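Data first, discussion second: the structure below is written as structure tokens.
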Amino acid sequence: MGGTGSDQTMNLTLNVWRQKNRRAEGEFVTYEAKDINPDMSFLEMLDVVNEHLISRGEEPIAFDHDCREGICGQCGIVINGSPHGPRGATTTCQLHMRSFHNGDVLTLEPWRANAFPVIKDLMVDRGAFDRIVAAGGFITAPTGNAPEANSVPVPKENADLAMDAAACIGCGACVAACPNASAMLFVAAKASHLNLLPQGQPERSRRVLGMVERMDGEGFGGCTNHGECEAACPKEISIKFIARMNRDHHKASLLRIFS
Amino acid sequence: MELKSNVPSGPMDQKWTKHKFDMKLVNPANKRKYSVIVVGSGLAGASAAASLAELGHNVKCFCYQDSPRRAHSIAAQGGINAAKNYQNDGDSVERLFYDTVKGGDFRAREANVHRLAEVSVNIIDQCVSQGVPFAREYGGLLANRSFGGAQVSRTFYARGQTGQQLLLGAYQALERQVGLGTVKMFARHEMQELVVVDGQARGIVVRDLETGAIESHASDAVILATGGYGTVFYLATYAKGCNTTAIWRAYKKGAAFANPCYTQIHPTCIPVTGHYQSKLTLMSESLRNDGRIWVPKMKGDQRPPNQIPDDERDYYLERKYPSFGNLAPRDVSSRAAKEVCDEGRGVGKSGLGVYLDFKDAIARLGEDKIRERYSNLFEMYERITDENPYKVPMRIYPAIHYTMGGLWVDYNLMSTVPGLFVAGEANFSDHGANRLGASALMQGLADGYFIIPYTIGNFFGSNKFAKVSTDHAAFKEAEANVAGRIKSLLSIKGTRSADTFHRELGKILWDYCGMARTEQSLTTALEKIPALREEFWHDLRVLGTGEEINQSLEKAGRVADFLELGELLCRDALERRESCGAHFREEFQDAEGEAKRDDENFCHVAAWEYNGEGKTPTRHVEPLEFESVHLQTRSYK
Amino acid sequence: MNAVAPAATPARSAPNRLSRLIGSTIGLKLVMAVTGVILSGFVLGHMAGNLKIFEGTEAMASYARLLRFEPALLWLVRLVLLASVVLHIVAWLQLFKRNQEARPKAYRQTTRKEADYASLTMRFSGPFLLLFIIYHLGHLTTGTFHPNFKELDPYHNLVTGLRVLPVAVFYLLAMAALALHLWHGVWSLFQTLGAAQSKQASFARGFATIFTLVVVLGFAAVPLSIMLGIVK
Numbered sequence: 002m003g004g005t006g007s008d009q010t011m012n013l014t015l016n017v018w019r020q021k022n023r024r025a026e027g028e029f030v031t032y033e034a035k036d037i038n039p040d041m042s043f044l045e046m047l048d049v050v051n052e053h054l055i056s057r058g059e060e061p062i063a064f065d066h067d068c069r070e071g072i073c074g075q076c077g078i079v080i081n082g083s084p085h086g087p088r089g090a091t092t093t094c095q096l097h098m099r100s101f102h103n104g105d106v107l108t109l110e111p112w113r114a115n116a117f118p119v120i121k122d123l124m125v126d127r128g129a130f131d132r133i134v135a136a137g138g139f140i141t142a143p144t145g146n147a148p149e150a151n152s153v154p155v156p157k158e159n160a161d162l163a164m165d166a167a168a169c170i171g172c173g174a175c176v177a178a179c180p181n182a183s184a185m186l187f188v189a190a191k192a193s194h195l196n197l198l199p200q201g202q203p204e205r206s207r208r209v210l211g212m213v214e215r216m217d218g219e220g221f222g223g224c225t226n227h228g229e230c231e232a233a234c235p236k237e238i239s240i241k242f243i244a245r246m247n248r249d250h251h252k253a254s255l256l257r258i259f260s
Numbered sequence: 018m019e020l021k022s023n024v025p026s027g028p029m030d031q032k033w034t035k036h037k038f039d040m041k042l043v044n045p046a047n048k049r050k051y052s053v054i055v056v057g058s059g060l061a062g063a064s065a066a067a068s069l070a071e072l073g074h075n076v077k078c079f080c081y082q083d084s085p086r087r088a089h090s091i092a093a094q095g096g097i098n099a100a101k102n103y104q105n106d107g108d109s110v111e112r113l114f115y116d117t118v119k120g121g122d123f124r125a126r127e128a129n130v131h132r133l134a135e136v137s138v139n140i141i142d143q144c145v146s147q148g149v150p151f152a153r154e155y156g157g158l159l160a161n162r163s164f165g166g167a168q169v170s171r172t173f174y175a176r177g178q179t180g181q182q183l184l185l186g187a188y189q190a191l192e193r194q195v196g197l198g199t200v201k202m203f204a205r206h207e208m209q210e211l212v213v214v215d216g217q218a219r220g221i222v223v224r225d226l227e228t229g230a231i232e233s234h235a236s237d238a239v240i241l242a243t244g245g246y247g248t249v250f251y252l253a254t255y256a257k258g259c260n261t262t263a264i265w266r267a268y269k270k271g272a273a274f275a276n277p278c279y280t281q282i283h284p285t286c287i288p289v290t291g292h293y294q295s296k297l298t299l300m301s302e303s304l305r306n307d308g309r310i311w312v313p314k315m316k317g318d319q320r321p322p323n324q325i326p327d328d329e330r331d332y333y334l335e336r337k338y339p340s341f342g343n344l345a346p347r348d349v350s351s352r353a354a355k356e357v358c359d360e361g362r363g364v365g366k367s368g369l370g371v372y373l374d375f376k377d378a379i380a381r382l383g384e385d386k387i388r389e390r391y392s393n394l395f396e397m398y399e400r401i402t403d404e405n406p407y408k409v410p411m412r413i414y415p416a417i418h419y420t421m422g423g424l425w426v427d428y429n430l431m432s433t434v435p436g437l438f439v440a441g442e443a444n445f446s447d448h449g450a451n452r453l454g455a456s457a458l459m460q461g462l463a464d465g466y467f468i469i470p471y472t473i474g475n476f477f478g479s480n481k482f483a484k485v486s487t488d489h490a491a492f493k494e495a496e497a498n499v500a501g502r503i504k505s506l507l508s509i510k511g512t513r514s515a516d517t518f519h520r521e522l523g524k525i526l527w528d529y530c531g532m533a534r535t536e537q538s539l540t541t542a543l544e545k546i547p548a549l550r551e552e553f554w555h556d557l558r559v560l561g562t563g564e565e566i567n568q569s570l571e572k573a574g575r576v577a578d579f580l581e582l583g584e585l586l587c588r589d590a591l592e593r594r595e596s597c598g599a600h601f602r603e604e605f606q607d608a609e610g611e612a613k614r615d616d617e618n619f620c621h622v623a624a625w626e627y628n629g630e631g632k633t634p635t636r637h638v639e640p641l642e643f644e645s646v647h648l649q650t651r652s653y654k
Numbered sequence: 474m475n476a477v478a479p480a481a482t483p484a485r486s487a488p489n490r491l492s493r494l495i496g497s498t499i500g501l502k503l504v505m506a507v508t509g510v511i512l513s514g515f516v517l518g519h520m521a522g523n524l525k526i527f528e529g530t531e532a533m534a535s536y537a538r539l540l541r542f543e544p545a546l547l548w549l550v551r552l553v554l555l556a557s558v559v560l561h562i563v564a565w566l567q568l569f570k571r572n573q574e575a576r577p578k579a580y581r582q583t584t585r586k587e588a589d590y591a592s593l594t595m596r597f598s599g600p601f602l603l604l605f606i607i608y609h610l611g612h613l614t615t616g617t618f619h620p621n622f623k624e625l626d627p628y629h630n631l632v633t634g635l636r637v638l639p640v641a642v643f644y645l646l647a648m649a650a651l652a653l654h655l656w657h658g659v660w661s662l663f664q665t666l667g668a669a670q671s672k673q674a675s676f677a678r679g680f681a682t683i684f685t686l687v688v689v690l691g692f693a694a695v696p697l698s699i700m701l702g703i704v705k
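These protein sequences, in sequence, are chains A, B and C.
Residue numbers for the first sequence follow the working numbering, so the first one is 2 and each next one is one higher.
Residue numbers for the second sequence follow the working numbering, so the first one is 18 and each next one is one higher.
Residue numbers for the third sequence follow the working numbering, so the first one is 474 and each next one is one higher.
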């Protein structure tokens with residue numbers, strides 16, 4: 002039917018991390034994925050594998066996903082060592098099997114970070130991200146207080162740059178890819194989005210201090226400027242925002258020391 | 018059951034203002050004594066939860082995803098309407114009101130729509146002050162674009178990610194309250210039952226999706242903001258987890274279900290490629306601003322699109338609807354696409370597709386301009402189809418996208434169960450039989466930020482609340498029901514997965530109750546669905562237990578509800594013997610194939626009352642009166 | 474209800490606020506970056522001084538006397554450098570510990586897309602440089618490891634010291650380590666100090682490359698010239 006991918010199907014071998022719950026020890030289990038159509042998405046391939054498992058009476062592989070159109074940020078599998086797989090600028094759900102070849106052996110692992118405990122198979126708990134946002138990743142604008150929208154012009158360049166940062170989907174691939182399991186790109190994207198806008202100025206300092214403090218408290222590692230986060234980010238968020246956040250954090254810390 | 022709309026008296030443009038003044042208030046010191054449960058954390062749920070917590074109420078918010086930020090509002094691409102008239106092109110609250118009533122084919126409640134148009138302007142103000150990075154002009158002011166079903170530019174947008182940005186705004190407001198301790202957030206929790214005590218909604222029973230624990234939560238009011246039920250069709254632009262469970266269980270506890278047959282089919286989705294397909298992806302309607310839709314004039318024309326000369330192409334929307342052209346409303350555009358494909362002029366391997374061509378726009382504006390406007394959509398298209406839309410026209414086909422139907426609510430957004438409020442897509446209130454583009458985001462935020470916080474205060478202020486705890490017998494009974502239901506799903510031990518049933522149900526609905534419906538097709542569906550449901554309860558296979566993460570069990574629970582809802586949907590479609598908006602009955606069309614409404618017999622909302630297991634539900638009617646916009650035949654010619 | 478925000482509760486005293494900066498991962502990186510600036514400046518100056526060797530014995534000796542012109546100043550510089558090295562290492566140890574704890578379970582398979590050899594080997598090039606510095610100070614400053622050391626005759630010490638092939642090779646290896654360390658470190662400190670740059674194409678990257686080349690080639694010129702007999 003549609004698509005230009007070849008009609009030839011492919012067979013793959015999957016080494017999948019299986020772990021019953023938070024406390025259980027996990028292990029790799031090998032499965033065969035047979036007759037896979039190259040136009041399938043990666044998750045559709047897993048659906049097919051799961052259907053086979055169910056028919057054989059084996060428990061299906063648990064993985065997180067929801068929108069399956071690359072925007073909700075819920076999916077995420079480390080495929081052969083790359084979060085969201087080999088293709089750049091994509092989420093796992095938007096990765097298609099035409100990126101692989103017949104006979105490939107794929108290793109599927111969950112995001113691995115102290116701050117993202119595995120809760121089952123390929124699913125992790127990313128609640129740390131919500132707590133970081135709760136610690137300052139907002140503009141205090143209670144409903145009903147807003148001034149007329151056009152009363153504060155925002156230079157287009159700033160609005161566009163803020164949007165570049167705001168495109169973050171909170172999937173956590175940056176953490177998964179970072180050799181130090183650092184959340185700097187996620188935090189920098191949110192802090193930069195808000196700090197770039199005039200509406201975000203009053204809380205600029207407390208925002209960055211609060212978010213970074215929470216980030217450290219959650220047990221993420223520090224940034225050593227490898228750039229792996231940027232390469233794994235499905236929305237191609239630049240590590241320039243990390244530099245921007247560093248600057249904001251230095252300023253805010255100095256202001257705090259000398260105030 | 019009585020459907021009292023509670024629309025305030027007075028002139029249309031003063032009803033909301035007057036109503037707000039007439040409402041009872043709760044003293045600020047007393048607000049924290051009233052607790053609210055919000056189910057769902059999308060635009061409507063997150064904005065309601067945050068706003069109510071800001072007011073001082075005690076709020077608990079639930080979502081099935083791993084974080085409230087994942088709710089499917091996030092996937093809305095195109096934009097949000099507001100009657101700001103920033104473009105000086107003659108927009109006004111009245112015009113947005115008029116367009117929405119007309120777009121809904123005169124099947125929405127006028128007073129609700131007018132209120133929606135009124136608060137639309139506040140939404141933009143609110144979102145901008147939260148830091149939503151809307152597109153801007155070089156002067157720093159907000160930019161707009163046009164959208165289907167309107168002749169003014171009133172749509173605000175943030176690239177192709179407007180829903181995401183608006184949701185993140187609401188999510189951030191929500192997380193701020195979570196940080197302050199005023200909202201308690203429960204992610205990975207799914208509502209299983211509504212608990213009604215003395216005729217009033219007083220809490221819910223949820224399942225913790227990680228541990229499987231069944232938990233009760235009591236409150237003074239419950240808000241369902243759980244989105245639409247379009248996933249009943251299996252293939253849809255919804256997220257995989259979207260479900261009807263919350264509203265369906267509420268329906269079974271006495272909340273009337275209004276207009277279930279109003280299901281919107283979006284004209285611009287990426288066509289189905291294979292039987293393994295798990296969902297359909299939307300290409301924003303905003304593409305129709307610059308893309309031209311066509312099919313070959315000749316049947317079965319197999320030439321590549323670029324080799325078909327202009328005079329052998331049929332730009333059928335421009336031909337049939339010259340004044341709206343490619344921007345005709347969704348229902349009209351979808352049906353037109355189906356028509357040309359039924360004639361055998363569809364494109365792609367399956368023949369179920371039409372071209373959306375940017376060749377002329379690229380020639381006129383340059384590839385850079387098109388890239389600036391739509392790059393993320395073009396990239397998404399290429400990723401999915403492996404075709405470059407800058408070079409080859411996109412192939413699109415209609416797909417289920419939104420449900421205008423939902424739980425019946427009065428003007429205060431309260432259902433027929435006192436204390437149960439319904440917001441966003443989960444209610445039926447504002448879009449009639451067809452929703453215009455960029456109106457869903459508007460409605461979700463209007464309900465959550467600006468309507469429910471007022472009306473729920475009025476509800477608290479004008480009622481007495483006996484103390485109800487989760488030890489109450491009603492909670493214990495609901496918990497037992499939930500546990501029993503899970504046990505029965507696990508103990509069938511048949512041969513088929515929940516997904517296979519879901520797929521089959523979806524196919525029945527798409528084939529017999531999709532873009533075009535007939536008495537006969539609906540009767541067939543009404544025979545097939547109960548049979549499938551029967552098979553489901555005999556041959557379902559769910560492995561594992563209920564005391565752990567069990568995604569098969571989650572799916573099975575949702576599919577079980579879809580199998581019941583699907584039947585109601587067809588029943589409603591059968592009983593509505595007219596064509597209106599997205600509900601197209603082939604028996605009711607004019608000579609040119611346009612929908613023929615029957616205002617004499619069907620100018621009403623149909624709301625269904627549950628009568629118990631195996632019993633036929635009762636169809637109640639809320640007549641619709643049009644005082645401001647006069648009933649007329651919708652024309653986009 | 475809106476008055477309290479959860480973000481960053483105010484610290485009570487200035488020292489407490491300072492410790493909160495230093496205690497954060499970004500604060501630790503700031504320490505590494507600031508000390509990195511000092512140490513980079515030092516290696517540049519040191520390299521420039523070394524080039525005096527090409528002007529002969531007397532130039533080298535007068536340069537050595539110049540450095541010792543004011544002992545208090547010399548010791549101040551030495552103290553700043555020592556403090557920088559110590560802080561650089563202490564901050565790194567803290568970060569290293571956190572980074573190790575941040576991923577208790579390693580991946581079975583890892584694919585790197587943007588990290589490079591230099592960035593991934595900082596943890597090895599750093600300790601190696603520390604070893605080298607200790608040896609180098611014992612070799613050419615105190616003479617402890619120098620079999621033929623003459624006080625205040627740097628030219629002699631240098632030439633006789635580096636004529637020994639294994640020593641010269643060790644010096645060259647250290648320069649290779651320095652190259653890797655500087656190339657990532659100098660780029661990295663721009664990023665840490667907050668100059669928004671992209672990793673691949675940026676001023677900071679170009680600057681780091683040129684800076685590294687100048688410093689390392691300048692340093693390596695000395696042992697190479699001695700080994701090749703250009704300087705005798």
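Note that CB positions come from ideal geometry on N, CA and C, so glycine has one too.
Here the structure is a predicted model, which is why all the values come from computation and not from measurement.
*Cβ of residue 523 of chain C less than 8 angstroms from any chain A Cβ?*
no
*Mapping DSSP to helix, strand and coil, what is residue 231 of chain B?*
strand
*Is the region 316-332 of chain B in contact with the region 120-127 of chain B, if contact means three or more CB pairs nearer than 8 angstroms?*
no
*asked:* For residue 229 of chain A and residue 35 of chain A, I'd like the C-alpha separation in whole angstroms.
replied: Answer to the nearest angstrom: the Cα atoms are 32 angstroms apart.
*asked:* Rounded to the nearest angstrom, what separates residue 287 of chain B and residue 397 of chain B at their Cα positions?
replied: 10 angstroms
*When DSSP labels each residue in this structure, what does residue 313 of chain B get in the three-state scheme?*
strand
*Beta carbon proximity, residue 222 of chain A to chain B, threshold 8 angstroms*: For residue 222 of chain A, the closest Cβ of chain B is not nearer than 8 angstroms.
*How would you list, in chain order, the residues of chain C whose beta-carbon sits under 7 angstroms from the beta-carbon of residue 251 of chain A?*
503, 667
*asked:* Taking its Cβ as the centre, do 16 or more other Cβ atoms sit within 10 Å of residue 383 of chain B, making it buried, or is it exposed?
replied: exposed
*Can the beta-carbon of residue 222 of chain A be found less than 8 angstroms from the beta-carbon of residue 181 of chain A?*
yes
_Three-way DSSP call (helix, strand, coil) for residue 606 of chain B in this model_ = strand
_Rounded straight-line distance, which links the Cα of residue 23 of chain B to that of residue 220 of chain B_ = The alpha-carbon atoms of residue 220 of chain B and residue 23 of chain B are separated by roughly 24 angstroms.
*asked:* On a Cα-Cα basis, can you pick out the residue from B:324, B:63, B:50, B:191 that is closest to residue 235 of chain B?
replied: B:50
*Exposed or buried, residue 477 of chain C, counting other C-beta atoms within 10 Å across all chains shown (16 or more means buried)?*
Low local confidence applies: a pLDDT of 39 at residue 477 of chain C is under 50, so the model's placement there is unreliable, with the coordinate-based value given in what follows. By the neighbour-count rule (16 or more Cβ atoms within 10 Å), residue 477 of chain C is not buried but exposed.
*Pair within 8 angstroms by beta-carbon distance, residue 637 of chain B and residue 125 of chain B*: no
*Cross-chain neighbours of residue 634 of chain C in chain A, by beta carbon under 8 angstroms*: The premise fails here: residue 634 of chain C is roughly 35 angstroms from chain A at the closest Cβ pair, so nothing lies under 8 angstroms.
*Quick one: what's got a C-beta closer than 8 angstroms to residue 120 of chain A's C-beta in the same chain, skipping five residues either side?*
22, 23, 126
*Per DSSP, residue 655 of chain B is paired with what?*
There is simply no residue 655 of chain B to check, as chain B begins at 18 and stops at 654 in what is shown.
*asked:* Under 8 angstroms, Cβ to Cβ, is there at least one residue of chain A near residue 301 of chain B?
replied: no
*Counting only the same chain and skipping the five closest in sequence on each side, list residues whose C-beta sits under 7 angstroms from that of residue 521 of chain B.*
549
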